[in-house]
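Just so we're aligned: 14 in my numbering is position 13 of the sequence shown, and the numbers increase by one with no gaps anywhere.
Built from N, CA and C at the ideal position, the CB exists for glycine as well.
Owing to the predicted nature of the structure, the values given are computational and were not obtained by experimental measurement.
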Amino acid sequence: MENPKKHSIDKKQDSVQEPATDYKSIFKEKLDPNNTDEQEVLLRKLLELGLEQSEMGLGISSEEMKRRTKLKYPFLK
2 MENPKKHSID KKQDSVQEPA TDYKSIFKEK LDPNNTDEQE VLLRKLLELG
52 LEQSEMGLGI SSEEMKRRTK LKYPFLK
(Lines of atoms letter the chains of each structure in order from A; the text may use other names.)
(Lines give C-alpha, C1' and ligand atoms only; values in the text may rest on other atoms or scores of the structure.)
Protein backbone atom coordinates (compact mmCIF):
# COMPACT_ATOMS: atom_id res chain seq x y z
CA MET A 2 0.00 0.00 0.00
CA GLU A 3 1.40 3.38 -0.99
CA ASN A 4 1.48 6.29 1.42
CA PRO A 5 -0.66 9.09 -0.15
CA LYS A 6 1.03 11.83 1.88
CA LYS A 7 4.47 10.89 0.63
CA HIS A 8 3.23 10.94 -2.96
CA SER A 9 1.80 14.46 -2.55
CA ILE A 10 5.04 15.71 -0.98
CA ASP A 11 7.08 14.41 -3.91
CA LYS A 12 4.94 16.39 -6.36
CA LYS A 13 5.38 19.74 -4.58
CA GLN A 14 7.82 22.15 -6.12
CA ASP A 15 9.67 25.09 -4.68
CA SER A 16 7.29 27.94 -3.98
CA VAL A 17 9.87 30.57 -4.97
CA GLN A 18 10.39 30.64 -8.70
CA GLU A 19 13.13 33.11 -9.59
CA PRO A 20 14.73 33.63 -12.96
CA ALA A 21 18.36 32.61 -13.26
CA THR A 22 20.68 35.56 -12.94
CA ASP A 23 24.06 35.78 -14.59
CA TYR A 24 26.40 37.56 -12.23
CA LYS A 25 29.45 38.98 -13.94
CA SER A 26 32.72 38.29 -12.21
CA ILE A 27 35.27 41.01 -12.77
CA PHE A 28 38.18 39.24 -11.11
CA LYS A 29 38.54 35.67 -12.30
CA GLU A 30 42.06 35.07 -11.04
CA LYS A 31 42.57 32.27 -8.56
CA LEU A 32 44.01 33.15 -5.19
CA ASP A 33 46.40 31.21 -3.02
CA PRO A 34 44.55 30.85 0.32
CA ASN A 35 47.82 31.12 2.23
CA ASN A 36 48.90 34.36 0.56
CA THR A 37 47.13 37.08 2.54
CA ASP A 38 49.00 39.88 0.73
CA GLU A 39 47.44 38.82 -2.58
CA GLN A 40 44.00 38.70 -0.96
CA GLU A 41 44.49 42.14 0.54
CA VAL A 42 45.39 43.62 -2.86
CA LEU A 43 42.32 42.05 -4.47
CA LEU A 44 40.09 43.22 -1.61
CA ARG A 45 41.36 46.78 -2.01
CA LYS A 46 40.65 46.66 -5.77
CA LEU A 47 37.12 45.41 -5.16
CA LEU A 48 36.45 48.02 -2.48
CA GLU A 49 37.70 50.82 -4.74
CA LEU A 50 35.51 49.53 -7.57
CA GLY A 51 32.49 49.37 -5.26
CA LEU A 52 33.07 52.92 -4.01
CA GLU A 53 33.45 54.24 -7.57
CA GLN A 54 30.21 52.54 -8.64
CA SER A 55 28.44 53.90 -5.57
CA GLU A 56 29.58 57.45 -6.31
CA MET A 57 28.38 57.10 -9.91
CA GLY A 58 24.97 55.99 -8.66
CA LEU A 59 25.13 52.47 -10.08
CA GLY A 60 24.14 50.74 -6.84
CA ILE A 61 20.94 50.82 -4.81
CA SER A 62 20.47 52.07 -1.28
CA SER A 63 19.96 49.83 1.72
CA GLU A 64 16.43 51.17 2.13
CA GLU A 65 15.57 50.31 -1.48
CA MET A 66 16.95 46.79 -1.04
CA LYS A 67 14.88 46.33 2.14
CA ARG A 68 11.77 47.56 0.29
CA ARG A 69 12.35 45.13 -2.58
CA THR A 70 12.93 42.26 -0.17
CA LYS A 71 9.70 42.98 1.73
CA LEU A 72 7.74 43.11 -1.54
CA LYS A 73 9.24 39.87 -2.80
CA TYR A 74 9.11 38.01 0.54
CA PRO A 75 6.25 39.47 2.62
CA PHE A 76 6.63 36.81 5.31
CA LEU A 77 10.00 38.32 6.32
CA LYS A 78 9.90 41.03 8.95
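Range covered by the alpha helix (DSSP H) that runs through residue i
{"i": "Gly51", "result": "37–56"}
Cut-off 7 angstroms between Cβ atoms - residues of its own chain near residue i, not counting five sequence neighbours on either side
{"i": "Gln54", "result": "Gly60"}
Three-state class that DSSP yields for residue i in the structure shown
{"i": "Leu72", "result": "helix"}
{"i": "Ser62", "result": "coil"}
{"i": "Lys78", "result": "coil"}
Residue i Cβ short of 7 angstroms to the ligand ADP heavy atom set
{"i": "Arg68", "result": "Summarising the ligand content, the structure contains no ligands, and the ligand ADP is consequently not present."}
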